[in-house]
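Visitor: Got a structure for you, written out below as structure tokens; questions coming shortly.
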Amino acid sequence: MGNPFRLGVLGSGKGSNLAALADACASGRVPAQVALVLSDVEGAGILDRARERNLAGRFIPPGKFRTKLDEEAEKNFVAALWAERVDLVALAGFMRVLKGDFLRAFEGRIVNVHPSLLPSFPGLEAWKQALDHGVKVTGCTVHFVDAGVDAGPIIGQRAVPVRDEDTPETLHQRIQEAEHELYPQCVAAIARGEISVAGRRVVWRKSRSADFADPRR
Ligand code: GRF
């Protein structure tokens, strides 16, 4: 066995995706360990989820902007992730757009989970956008992060039905349950070296592990 694959998880919210990732690592379904959890929000739930699991977690002040990290904050985030020798940065409800220096520091090694079937409904409250638009199927997407917003090569998607009686809350809840399955599947495939990227297309190796169902259904 080589060194364990090390994850850095960044989030601003309640941390249910961190919990799903960390628990999948702990149970061996994802051959990786959560090396560090970082938040731009002091007291965010994600830091509580980390603490409950004895994972290293830190608040790093985001600086003077509202939607991105300022230069000093960006340096501090990258330095913290480098210090922990993180192999992959997993965004889990991180509410700031990552810019050039951060993207270059972890080129091709940042992933995100988004609560819609991209490229439909990028941006905020994607479940509400889906409901307002009247679509009958939505879902979630795990993708590599590039300089666009909710853009970048798609690794996996999972469909979720929209029901007539759905409210934004019930639909978001159903999408999150799908995220909690899809995100660990995709991270496991990356940790095992089972996917490759060709242009915009992410290709899954045929011989991938049978631990999970096909995340592309
Ligand atoms: C998720 O729904 C994810 O799709 C979006 O932010 C939310 C984070 O939720 N990017 P949590 O903090 O992981 O519970």
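One gets this note's numbering by counting positions in the sequence shown from 1 and adding 18 to each.
Every residue gets a Cβ at the ideal spot worked out from N, C-alpha and C, and that includes glycine.
All values reported here derive from a predicted model rather than from experimental measurement.
(1) Do E60 and the ligand GRF come close, with the Cβ less than 8 Å from some heavy atom?
(2) Using only CA atoms, which one of I208, L28, R84 lies nearest to G111?
(3) Evaluate the contact criterion for the segment 53-66 versus the segment 98-115: three or more CB pairs, one atom per stretch, below 8 Å.
(4) Taking all protein chains shown into account, do 16 or more other C-beta atoms lie within 10 angstroms of the C-beta of T159, making it buried, or fewer, making it exposed?
(5) Taking the Cβ atom as the reference point for each residue, do L200 and V107 lie within a distance shorter than 9 Å?
(6) Using 9 Å as the threshold, is the C-beta distance between A248 and A50 below it?
(7) Taking G31 as the reference, give the member of F23, L65, A42, P137 with the closest Cα.
(8) Under a Cβ-count criterion, where at least 16 other Cβ atoms within 10 Å of its own Cβ denotes burial, should R114 be classed as buried or exposed?
(9) Nearest to A169 by CA position, among G211, L87, F139, is which residue?
(10) Can you tell me whether DSSP reads T188 as helix, strand or coil?
(11) Compare the beta carbon distance of K93 and A165 with 9 Å and say whether it is the shorter of the two.
(12) For Q203, count neighbouring Cβ atoms within 10 angstroms of its own Cβ and tell me buried if that reaches 16, exposed if not.
(13) Please report the straight-line C-alpha distance between E183 and G157, rounded to a whole angstrom.
(14) Write down the C-beta distance between V178 and V153 rounded to the nearest angstrom, noting that I regard them as a contact closer than 8 Å.
(15) I78: which of E90, N130, I172 sits nearest, CA to CA?
(16) Rounded to whole angstroms, what's the CA-CA distance from H190 to A216? Just pull it up for me.
(17) Alpha carbon to alpha carbon, how far is R76 from K146?
(18) What would DSSP say about R24, mapped onto helix, strand or coil?
(19) May I ask you to list the residues that DSSP assigns as paired with S17?
(20) How many Å lie between H132 and A38 at the Cα?
(21) Between D58 and R218, what straight-line distance do the alpha-carbon atoms span, to the nearest angstrom?
Guide: In short, the structure shows the following:
(1) Proximity of the beta carbon of E60 to the ligand GRF is not indicated: no heavy atom of the ligand is located closer than 8 Å.
(2) Of all alpha-carbon atoms in I208, L28, R84, the one lying nearest the alpha-carbon of G111 is that of L28.
(3) They touch, by the three-pair rule.
(4) Classified as buried, T159 has 16 or more neighbouring CB atoms from the shown chains inside 10 Å of its CB.
(5) Cβ distance not < 9 Å, so L200 and V107 don't count as in contact.
(6) Absent from the structure is residue 248, since the part of the chain shown begins at 19 and ends at 235.
(7) A check of alpha carbon separations from G31 across F23, L65, A42, P137 identifies L65 as the nearest.
(8) For R114, the number of other beta carbons within 10 angstroms of its own is at least 16, and it is reported as buried.
(9) Comparing Cα-Cα distances from A169 to each of G211, L87, F139, the minimum goes to F139.
(10) Assigned with DSSP and collapsed to three states, T188 falls in helix.
(11) Taking 9 Å as the cut-off, the beta carbon of K93 is found no closer than this to the beta carbon of A165.
(12) With 16 or more other Cβ atoms within 10 Å, it is buried.
(13) E183 and G157 have their alpha carbons spaced roughly 17 Å apart.
(14) About 10 Å; that fails the 8 Å criterion.
(15) Comparing Cα positions, the closest option is E90.
(16) Rounded to whole angstroms, H190 and A216 show a C-alpha spacing of 32 Å.
(17) Roughly 31 Å separates the two Cα atoms.
(18) R24: strand per DSSP, three-state reduction.
(19) Because the chain spans 19 through 235 in this model, residue 17 falls outside it and cannot be assessed.
(20) Spanning the two alpha carbons is a distance of roughly 15 Å.
(21) Roughly 30 Å separates the two Cα atoms.
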